[in-house]
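**Q** Below is the structure I would like to discuss, written out as structure tokens.
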Amino acid sequence: MPYSYDPQNIFARILRGEIPNKTVAETPHSLAFHDIRPHAPVHILVIPKGPYVTLDHFSETASAEELADFWRLAARVAREAGVIEAEGGTGYRAIANAGGHSHQEVPHFHLHILGGRPLGALLPPAG
Ligand code: 5GP
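Read in order, the letters of the sequence shown are residues 132 to 258 in this note's numbering.
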């Protein structure tokens, strides 16, 4: 099934400035902002500005410049949030939901950066 990007999704509307957001950082190809319903003291979303639906869509079709810009921003956001363990923080989790089983709510690729409290196991055991 080909990727189909919905230009009316909420993050596309944020990127167009139609909906406000609490911006953490912005780069030429990416935006980081606070999640509206945080699950942890640190809960930041990092998105590319381009029309990508999922991590696989972004990773396979974005330009090298967009890819570097996005992943460097993700690291910068974690650093500036103070959660990088090598720098005295307590660690963090990066999650990207993609598609139905993952419960992806917004069909614009985004990385959740979560930290600031113990986050528990990634998932309950299968079975
Ligand atoms: P997903 O389930 O797609 O991985 O995560 C989507 C995330 O976007 C959720 O954590 C949700 O709280 C967040 N979100 C949904 N709508 C908005 C919004 O309008 N503004 C912001 N900042 N976050 C949103």
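Beta carbons: idealized from backbone N, C-alpha and C, even for Gly.
Exposed or buried, what is residue 218 when buried is set at 16 or more other beta-carbons lying within 10 Å of its beta-carbon?
**A** The residue is exposed, with fewer than 16 neighbouring Cβ atoms inside 10 Å.
**Q** Ordered along the chain, which non-local residues of its own chain (more than five positions away) have a Cβ less than 8 Å from that of residue 198?
**A** Here the set comprises 189, 190.
**Q** Can you tell me the Cα-Cα spacing of residue 230 and residue 183, whole angstroms?
**A** One C-alpha to the other measures close to 13 Å.
**Q** Rounded to a whole number of angstroms, what is the C-alpha to C-alpha distance between residue 204 and residue 234?
**A** Going from the Cα of residue 204 to the Cα of residue 234 covers about 24 Å.
**Q** Going by C-alpha distance, which of 170, 159, 137 is nearest residue 179?
**A** Closest by alpha carbon: 159.
**Q** Using 8 Å for Cβ pairs, my map puts residue 153 next to residue 170. What's the rounded Cβ distance?
**A** Not a contact, Cβ separation roughly 16 Å.
**Q** Helix, strand or coil for residue 208 per DSSP?
**A** Reduced to three states, the DSSP call for residue 208 is helix.
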